[in-house]
Each structure stands twice: as structure tokens, then as C-alpha cells.
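Please read the structure below before turning to the comments.
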Amino acid sequence: QNNYKLDMDLGVKSVSFKHMSGLYSMDLIIGDSLLKKPIVWHFSDIKLKFSEVESDVSESFADFYKPKKLISHTFREPESRPPHVVSLLFTVLSLAPLLVLFVLWARLGVNIKNFPFNLSAIGFHLALASIFILFGMFWVYLDMFITLKYLFFLGISTFLFGNRLLSYIARRRNK
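Residue numbering for the sequence shown follows the UniProt record's numbering, starting at 1 and increasing by one per position.
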């Protein structure tokens, strides 16, 4: 029951040994991802003799460990961008609804007398505008990690100012 056996056809596996005859050691290695140091048990040395090959084996074996040929990769050409005028026109058309909104507010006479001009209200709106500006900067030239770093601090300030602003509005309504 406690016998273990390994059968290997050395005629077929001689390629794995690079047809190199000689003394080979047999070790049993017991390991696990939780073990810091595996258990290594040397239990035998075995002498293997392979049949001769036509080519010079020692030379091909030495070639096996030589540095491989350098692989060069050519990246594809980046896609062409539209002319600067087209990009500018698209930006203006994208911002046009915002301009229309401000013009209509001015014509209708927006009621800003209920807007509290205190530190929490101004801080909240400035922090919110800063987040939108940060998103625009991310879109143009910032990477994600730098944007997240700035967004973390802007988010905290927006939360604190917004919380104070909402509690101020709730207190003013209850009066």
C-alpha cells in the first residue's frame, strides 16, 4: 500500500534531458503556499545513458542558455485627430445649452434673494464647481490616480460644506 512508482520511457523523454547522459539526482520536494521552507528529501542518484544523437548535443545544449534574439515591436500609428477648428466648434456647441440657461435665467429674473450668502453656501458651490473643473482636467490631461487624490480632498470639503448648508437651510425653514 505504501509503495509509489514512477514509470518513464527514457527513449521518449531523452529530449527533455537534451540527450545528456550522466548522473542525475532524484529529490522529493514537499511544499505548500503556507510553508515558508519546503521539505527537500534527496533519496537517490541515478545514472542515465541515452543513445547518441547525430547532432552535437553539447553545442545545442549550450545554445539553449544563450540570450534569445531581441524581439522588436512596432506600435500602430495613432489615429488622426480632427482639425482644431472642429474640436473648438464641438466644445462651443456642447457649452451652448449652459449659455442659453444663463440667458433665460437673466430674462426671467431668477430669484436669488433666498440664496444664503454665508461661508457654507459659497464653500459648497465653489467645491462643487472645483469638482467639475477637476473632471474637465481629468478629461484633458490628468490621469486617474492624481484625479482621485484631488477628488478625495474636494469630496470631503464638499460634504462638510454641503452638510452645514443643508442644516442651515433646515434651521431657517423651521423658524
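Glycine included, C-beta positions come from ideal geometry on N, C-alpha and C.
Along the length of the UniProt domain "Ribophorin II C-terminal" (75-173), whole alpha helix (DSSP H) runs at least 4 residues long occupy 84-108 and 119-140, reported in chain order.
Looking at Phe117, Leu23 and Leu166, the one whose alpha-carbon comes closest to that of Ile46 is Leu23.
Distance between Arg172 and Asn111, taken at the CA atoms: about 17 Å. DSSP places Lys13 in the uninterrupted alpha helix (DSSP H) bounded by Leu10 to Lys13. Out of His125, Leu48, Ala170 and Asn3, the CA that lies nearest to the CA of His19 is found in Leu48.
Per DSSP, reduced to three states, the secondary structure at Asp27 is strand.
In terms of Cα proximity to Met26, the closest of His42, Leu34 and Pro38 is His42. Nearest to Thr158 by C-alpha distance, out of Tyr4, Ile39, Leu119 and Gly136, is Leu119.
Cβ neighbours of Leu154 within its own chain (closer than 7 Å, five residues either side excluded): Ala127, Ser130, Ile131 and Leu134. Taking a C-beta distance under 8 Å as the contact criterion, Leu93 and Phe124 do not qualify as a contact pair. Bridge partners of His73 according to DSSP: none are assigned. Only exposed fits Phe152, as fewer than 16 other CB atoms lie within 10 angstroms of its CB. Only residues of its own chain outside the window of five on either side were considered, and among them none has a CB closer than 6 Å to the CB of Glu77.
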